Amino acid sequence: MTFFRLDPELYARHKDEILTLSNSFQRIDRRGLSDREIAERLGLDERTVTEIRVIAERDCYALDEWQRAIDFKRKACSDWAAAALKRPDLREP
Amino acid sequence: MTDERAPAKGDLVGPATTSATARLKALALKSGATVVGVADAAAFDTHAPSKHRPADLLPGARTVVVVGGAQPRAGDWVATSPWLLSTMGTTERIQGVGRRIAQAIESELGYYALFVPPGTAAGDAPFLSLMLAAELAGLGTRSLAGPILNRDHGFMYWSAVVTTAPFDVDGPTTDAACPAPACRDMWEREHTTPCLRVCPLDAGGCLAGRLDDGHAVRTAYDAARCNTRVHTHWVGGFQKVLEETLNEPDRERRKMLVYGDFMTRTLWSITYSSTNIAQCFECMRACPAAHGLKEMR
Amino acid sequence: MATDGVVDAVKRVGLAAGARVVGVAAAAAFRAGVPEGFRPEDILPGARSVVVAGGDGPTAGAWRCPDHRVMEITGYDLRENVAIHAMCDYIERELGYYAVQAPSLPVHGHEPPMSMMHAAELAGLGTRSFAAHIILNPEYGLLYYAALITTLPLPADPPLAEPACPHPGCAAMYKRIGTTPCLRVCPACLSGTMKNARIETSTYDREKCHSRAQTYGIGSFQKALLAVVDEDDPARRRDMIHSDFFAKSVQSLGFFRDSIAQCFECMRVCPVGRKHRKLK
């Protein structure tokens, strides 16, 4: 048995649909499907679905989104402190 | 030059030693150890290679206090999820007991004490074999599968403290948990045992051995293969996938490796290392002597 | 079925070990909303009960810090897990029933073997909120949850009849301006509507939230590593390897306890449980 490697073309073909069916984009009124359930729906084997989902979760947003996250938190936190602690000097310019 | 082992003023001698040993053991049990024993530091010399003996870690070492505990619960052994034992490990709980004992020896008795780090000195070599320490402290014996089994509690995790304190020593026990009666019967019938059957070397597993006149004899153990099972998602696995990634010329295939399930799970294990420290228990799951004696409902 | 005395004894052990709240759910209750393979009975054969412990997150002082980086690495003492271990030990040693800590670490991407959030809901410890569907305890707000699974049959606590979210203040805000504090502070991850002071719809982009809640972690390490590996220029590669981002990413792997959760902005503005954060 060799190390499991996913074919990039298979990944590209199914990643969006698998991510949509999973728990990545959640709605409060329904749950995402398990890998097994997705596999049954798409006619794939469960191992392949798991691999595609795991890669797609990481691939979903580019590294730029991490920089946006850093900037967002810095601003949101300082804005809150400025308002809640009545310290306008803390607000980011 | 003074003899580092020679008694100095205030040393424990006679009844004071016995009393101090008893108090330390009581502290260990109260702190959460299931069992506690003391090994003679010099006893390691005939078994452990140079640089991995108590006196190599702590010059002047006289004894090694060993605690065992934090073992998987009865429920852990019967759980059907493969993720339970491999992600919810409890070995860290016994490390804290070891540290506490080391501090108590120094603060209350005034002797040097060194908590043996559970990690490795280099590669896969530990600073001191905790399994050997458990044997020499009379807390268990080696099983056919390898782990030290305690007669009453089965498979346990160990922690050790090397010290210059001259505690009363417990000798190795001769009452071996392995082979269990059920295993002797199985050997008579089928010429194998539960652990050998679940992980046979000649079928891609790790173990080979036999029972000779009621004694377990391990004839082969593939440590490197066992490592891929006990530490499937660990430093070695990370290194392997990293190497594959660097050798992969295609960018998209590289992404499949770096973002893939194996790499992701391996990084989780490395990050949450304390609970992912051991990832294969199948020889112990099958072992009738590994789970302690208490029946559960 | 165990008596009330038994369940109280189990809960007392958990509370004494540091849990803020403890609740019980029936194992069978997980069947309705959980796919096969992720239910308590899939983990421990004969499972009858799930005991859930909620533990505190950051201190009130940490919430007031104007530097977001403090809460990124303030870490926790994970007392809810300690409480679970204490209760597991008690159940096995004193009561003689099987008990295991429910595995909750993700094992395939973001997927854990069992949902602690759902366990908390079923055990009556909280309800889902607009804010990332975080389970809010009506008294304490944000808590962290761990659970044990046991063959001990315990009387279950009912799920909460009244949802913790929306808070009356948020309902009033929504009526005025059509949004709530959490929805307003983080529209990138959250969206939702309210009707009759109840959550009508709510969506949550977990992958975007991951870049915020785990800015420096396994995911960022993978992202940065791939970028490094794909970079042909040695000088740029060197800069990437020695960057603050990569260093913090590796650091978060080593100091995992300090880096468990790294974004609190939706919870910072949430009024549920806030009374416990007003100190001297």
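From first to last, the protein sequence lines stand for chains A, B and C. The numbers in the numbering used here rise by one with no breaks, and the one at position 61 of the first sequence is 61. In short: position in the second sequence from 1, add 1000, done, that's the numbering used here. In short: position in the third sequence from 1, add 2000, done, that's the numbering used here. Note that CB positions come from ideal geometry on N, CA and C, so glycine has one too. Since this is a predicted model, take the numbers as computed values, not measurements.
Residue i to residue j span [Cα, whole Å]
i, j, result
"L1246/B", "L1211/B", "47 angstroms"
"I2218/C", "S2211/C", "11 angstroms"
"Y2216/C", "G1037/B", "43 angstroms"
"E46/A", "D1076/B", "26 angstroms"
"G1014/B", "P1179/B", "38 angstroms"
"W80/A", "V2269/C", "8 angstroms"
"E2207/C", "M2117/C", "18 angstroms"
"R2012/C", "L2142/C", "21 angstroms"
"R2176/C", "N2196/C", "13 angstroms"
"A1055/B", "L1136/B", "15 angstroms"
"A1133/B", "T1091/B", "16 angstroms"
"T1120/B", "H2085/C", "27 angstroms"
"L2279/C", "T1063/B", "51 angstroms"
"G2018/C", "R1229/B", "35 angstroms"
"C1226/B", "P2187/C", "49 angstroms"
"L1242/B", "L1257/B", "8 angstroms"
"D1003/B", "A1042/B", "Caution is warranted here: a pLDDT of 46 is assigned to D1003/B, below 50, making its placement in the model unreliable, and no coordinate value can be reported."
"L19/A", "D1170/B", "59 angstroms"
"K15/A", "G2178/C", "35 angstroms"
"R1053/B", "G1060/B", "11 angstroms"
"F2255/C", "P2103/C", "21 angstroms"
"A1006/B", "Y1157/B", "No answer about A1006/B holds up, because its pLDDT of 47 lies below 50 and its placement is not dependable."
"A2027/C", "S2049/C", "5 angstroms"
"R36/A", "I52/A", "13 angstroms"
"R1218/B", "L1207/B", "8 angstroms"
"A2261/C", "Y2076/C", "9 angstroms"
"T1271/B", "I2241/C", "19 angstroms"
Exposure of residue i, with buried meaning 16 or more beta-carbon neighbours within 10 Å
i, result
"K1051/B", "exposed"
"H1191/B", "exposed"
"M2114/C", "buried"
"A1008/B", "Note that A1008/B scores 48 on pLDDT, short of 50, meaning its location in the model is unreliable; the coordinates nonetheless yield the value given after this. Looking at its Cβ environment, which holds fewer than 16 other Cβ atoms inside 10 Å, A1008/B is exposed."
"D1261/B", "buried"
"R2001/C", "Residue identity differs from the one stated: residue 2001/C is Met in this sequence, not Arg. M2001/C comes out exposed."
"E2092/C", "buried"
"G43/A", "exposed"
"F1167/B", "buried"
"G1146/B", "buried"
"L63/A", "exposed"
"Q2101/C", "buried"
Closest by C-alpha distance to residue i, when choosing among the options
i, options, result
"T2151/C", "A2025/C, V2006/C, G2046/C and F2264/C", "G2046/C"
"A2083/C", "Y2145/C, D2042/C and E2036/C", "Y2145/C"
"C1183/B", "A1224/B, E1106/B and A1216/B", "A1216/B"
"F1155/B", "D1170/B, P1172/B, A1177/B and L1136/B", "A1177/B"
"A1104/B", "R1251/B, W1158/B, L1027/B and M1131/B", "L1027/B"
"M1088/B", "Q1279/B, T1046/B, A1061/B and G1260/B", "Q1279/B"
"A1220/B", "V1035/B, G1138/B and S1143/B", "S1143/B"
"I1148/B", "M1296/B, R1297/B and C1287/B", "C1287/B"
"S1081/B", "R2039/C, C2186/C and R2237/C", "R2039/C"
"K86/A", "P2066/C, P2058/C, S2252/C and I2043/C", "P2066/C"
"R2198/C", "R2238/C, P2166/C, V2010/C and S2104/C", "P2166/C"
"R1254/B", "A2227/C, V2021/C, V2052/C and G2054/C", "A2227/C"
"G2005/C", "V2070/C, P2155/C, I2135/C and V2021/C", "P2155/C"
"P1172/B", "N1150/B, Y1259/B and W1187/B", "N1150/B"
"S34/A", "K2223/C, H2110/C, D2233/C and R2238/C", "H2110/C"
"T1174/B", "L1201/B, M1186/B and G1138/B", "G1138/B"
"F2246/C", "E17/A, P8/A and Q67/A", "Q67/A"
Sequence-distant residues of its chain with Cβ nearer than 6 angstroms to residue i (five each side left out)
i, result
"C2170/C", "T2180"
"T1266/B", "H1233, G1237 and F1238"
"S1031/B", "V1097 and R1100"
"R58/A", "none"
Sequence-distant residues of its chain with Cβ nearer than 7 angstroms to residue i (five each side left out)
i, result
"R91/A", "S78, D79 and A82"
"P2159/C", "E2121, L2122 and G2124"
"M1001/B", "Interpretation of M1001/B is limited by its pLDDT of 39, a score under 50 that renders its predicted location unreliable; no figure is taken from the coordinates."
"V2185/C", "E2265, C2266 and V2269"
"E1282/B", "V1198 and C1199"
Same chain only: Cβ atoms within 8 angstroms of residue i, ignoring 5 sequence neighbours per side
i, result
"G1292/B", "Q1071, A1074, D1152, H1153 and G1154"
"W2063/C", "M2071, F2264, R2268 and R2277"
Interface residues of chain F facing residue i [CB-CB closer than 7 angstroms]
i, result
"Y11/A", "Checking the listed chains, one finds no chain F in this structure; the protein chains it contains are A, B and C."
Whole-Å CB distance - residue i paired with residue j, under 8 angstroms assumed
i, j, result
"L2148/C", "V2034/C", "Wrong, their Cβ atoms sit about 17 angstroms apart, outside the cutoff."
"L21/A", "I55/A", "The Cβ separation is near 15 angstroms, so there is no contact."
"D2244/C", "I2073/C", "Wrong, their Cβ atoms sit about 14 angstroms apart, outside the cutoff."
"R74/A", "H2068/C", "6 angstroms"
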